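I have placed the structure first, in the form of structure tokens, so that the comments after it can refer back to it.
Shown next as structure tokens:
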């Protein structure tokens with residue numbers, strides 16, 4: 006009797022573990038998307054999941070949106086190169102019409118995720134969500150026909166320069182995704198500094214990325230004059246009230262075309278990053 010009970014208990018545990026097992030879609034590059042925490046309930050599709058996780062080298066990033074659930078049965082495939090994966094999701098809620106009538110309404114979305122960095126490249130709805138990868142190419146098309154409609158998802162990839170008119174309304178989750186899609190670089194660090202100033206909510210995550218960017222710069226130097234004023238651009242008229250003093254350590258970003266100015270990265274004793282211009286003859 007004891008052995009029979011133990012056997013039944015082991016089957017029960019195995020079934021439970023199977024029912025709650027995550028689904029992982031892997032890319033050839035070793036990274037993966039994990040669908041976790043099964044979701045059940047009225048109006049919920051089969052194979053629904055609450056969490057969407059990007060996994061890279063042991064590091065996991067939560068890509069989930071609280072207002073959505075994700076659908077995956079384990080059959081999805083990455084693009085031919087392994088660079089992209091289409092993820093389907095649903096946002097739904099009960100609508101109250103005010104006369105005692107309530108009705109559930111939902112909307113389906115499809116997101117293209119870059120499997121190299123976890124960037125949500127595009128987030129769309131409608132007919133394109135039925136498109137499939139074409140053979141041997143990272144192109145989403147309505148069919149295999151040569152004249153089939155295609156969806157150019159890369160044109161929707163987030164860019165810090167592209168959203169400059171909406172910095173103040175950016176949410177933390179979207180800012181985190183932005184920096185996966187458009188990493189802080191020599192070309193956009195000034196834009197990220199503007200974002201940092203205009204949006205207090207996302208300041209910590211943006212500041213951390215700028216700090217990492219400065220720390221990774223290879224060329225180090227120091228201020229050689231008693232007071233070196235900082236400039237917003239390589240121009241005398243852009244002088245600020247801030248200055249560095251003799252011995253302050255800086256990282257070199259770039260020289261101006263006329264070599265009279267140098268863009269530098271500086272980290273204060275409080276750990277705050279700053280990117281500005283100084284006169285070249287103020288640097289050792």
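Numbering (the numbering used here), first residue to last: 6 to 289. Even glycine gets a Cβ: it sits at the ideal position worked out from N, Cα and C. In this text, all values refer to a predicted model and were calculated from it rather than measured experimentally.
In angstroms, rounded to a whole number, what distance separates the CA positions of residue 191 and residue 129? Start at 1 with the first residue of the chain shown, and residue 191 comes out as number 186. Start at 1 with the first residue of the chain shown, and residue 129 comes out as number 124. Rounded to the nearest whole angstrom, the CA to CA distance from residue 191 to residue 129 is 30 Å.
Since residue 73 sits in a beta bridge, which residues does DSSP pair it with? Translated into positions along the chain shown, residue 73 becomes position 68. Answer is 96.
Is DSSP giving residue 13 helix, strand or coil here? As a working mapping, residue 13 is identified with position 8 in the chain shown. Confidence in residue 13 is poor, its pLDDT being 38 and thus under 50, which makes the residue's placement too unreliable to answer from.
Can you tell me whether residue 160 is buried or exposed, with buried defined as 16 or more other CB within 10 angstroms of its CB? The residue you call residue 160 lines up with position 155 of the chain shown. By the Cβ-count criterion, residue 160 is exposed, with fewer than 16 other Cβ atoms from all chains shown falling within 10 Å of its own Cβ.
Report yes if the C-beta distance between residue 59 and residue 117 is below 8 Å; otherwise report no. By 1-based counting over the chain shown, the position of residue 59 is 54. By 1-based counting over the chain shown, the position of residue 117 is 112. No. Outside cutoff.
Delimiting residues of the beta strand (DSSP E) encompassing residue 115: Position 110 of the chain shown, counted from the first residue, corresponds to residue 115. Annotation for residue 115: the continuous beta strand (DSSP E) segment containing it runs 107-119.
Going by beta carbon distance, what residues of the same chain come within less than 7 Å of residue 11, once the five residues before and after it are set aside? Locating residue 11 in the chain shown gives position 6, where the first residue counts as 1. Only weak support is given to the placement of residue 11: the predicted model assigns it a pLDDT of 41, under 50, and the value that follows is read from those uncertain coordinates. If we look at residue 11 and ignore the five residues flanking it on each side, it has no Cβ neighbours.
Between the alpha carbons of residue 200 and residue 143, how many angstroms are there, rounded? Walking along the chain shown from the start, residue 200 turns up at place 195. Walking along the chain shown from the start, residue 143 turns up at place 138. When only Cα atoms are considered, residue 200 and residue 143 end up about 32 Å apart.
Can you name the start and end residues of the alpha helix (DSSP H) that residue 340 belongs to? Residue numbering for the chain in the displayed model covers 6 to 289; residue 340 lies beyond these limits and cannot be assessed.
What does the alpha-carbon distance come out to for the pair residue 115 and residue 219? Here residue 115 corresponds to residue number 110 of the chain shown, with the count starting at 1. Here residue 219 corresponds to residue number 214 of the chain shown, with the count starting at 1. Between the alpha carbons of residue 115 and residue 219 lies a distance of about 35 Å.
Beta-ladder partner(s) of residue 180, from DSSP: Mapped onto the chain shown, residue 180 falls at position 175. Listed as beta-bridge partners of residue 180 by DSSP are no residues whatsoever.
Delimiting residues of the alpha helix (DSSP H) encompassing residue 214: Here residue 214 refers to the residue found at position 209 of the chain shown. 208-221 is the span of the alpha helix (DSSP H), which, as asked, contains residue 214.
Tell me whether residue 102 sits in a helix, a strand or coil according to DSSP, three-state version. As a working mapping, residue 102 is identified with position 97 in the chain shown. When secondary structure is reduced to three states using DSSP, residue 102 falls in the coil class, being assigned neither helix nor strand.
CA-CA distance, residue 26 and residue 41? As a working mapping, residue 26 is identified with position 21 in the chain shown. As a working mapping, residue 41 is identified with position 36 in the chain shown. When rounded, the separation of the alpha-carbon atoms in residue 26 and residue 41 is 8 Å.
Check whether the Cβ atoms of residue 69 and residue 56 lie closer than 8 Å to each other. Here residue 69 refers to the residue found at position 64 when the chain shown is read from its first residue. Here residue 56 refers to the residue found at position 51 when the chain shown is read from its first residue. Between residue 69 and residue 56, the CB-CB gap stays under 8 Å.
Which term fits residue 73, buried or exposed, when burial requires 16 or more other beta carbons within 10 angstroms of its beta carbon? By one-based count along the chain shown, residue 73 stands at place 68. Counting the other Cβ atoms within 10 Å of the Cβ of residue 73 gives 16 or more, which makes it buried.
For the putative contact between residue 237 and residue 245, defined by C-beta atoms under 8 Å, what is the C-beta separation to the nearest angstrom? Locating residue 237 in the chain shown gives position 232, counting from the first residue. Locating residue 245 in the chain shown gives position 240, counting from the first residue. That pair is a contact at about 6 Å.
Kindly identify the DSSP beta-bridge partner or partners of residue 59. Position 54 of the chain shown, counting from 1, holds the residue named residue 59. In the DSSP assignment, residue 59 is bridged to 38, 66.
Would you decide whether residue 215 is buried or exposed? Buried here means 16 or more other CB atoms lie within 10 Å of its CB. By 1-based counting over the chain shown, the position of residue 215 is 210. Counting the other Cβ atoms within 10 Å of the Cβ of residue 215 gives 16 or more, which makes it buried.
Which runs of the beta strand (DSSP E) at least 3 residues long sit entirely within the region 112-175? Give them in chain order. With a minimum length of 3 residues, the continuous beta strand (DSSP E) runs that stay inside the region 112-175 are 125-129.
Excluding the 5 residues flanking residue 196 on each side, which residues of the same chain have their C-beta closer than 6 Å to its C-beta? Counting from one through the chain shown, the residue named residue 196 turns up at place 191. These residues qualify, in order along the chain: 165, 166.
Buried or exposed: residue 198, going by 16 or more other Cβ atoms within 10 Å of its Cβ? Position 193 of the chain shown holds residue 198. With 16 or more other CB atoms across the displayed protein chains lying within 10 angstroms of its CB, residue 198 is buried.
Proximity to residue 267 [Cα-Cα], best of 187, 255, 209: Walking along the chain shown from the start, residue 267 turns up at place 262. Residue 267 has its Cα closest to that of 255, out of 187, 255, 209.
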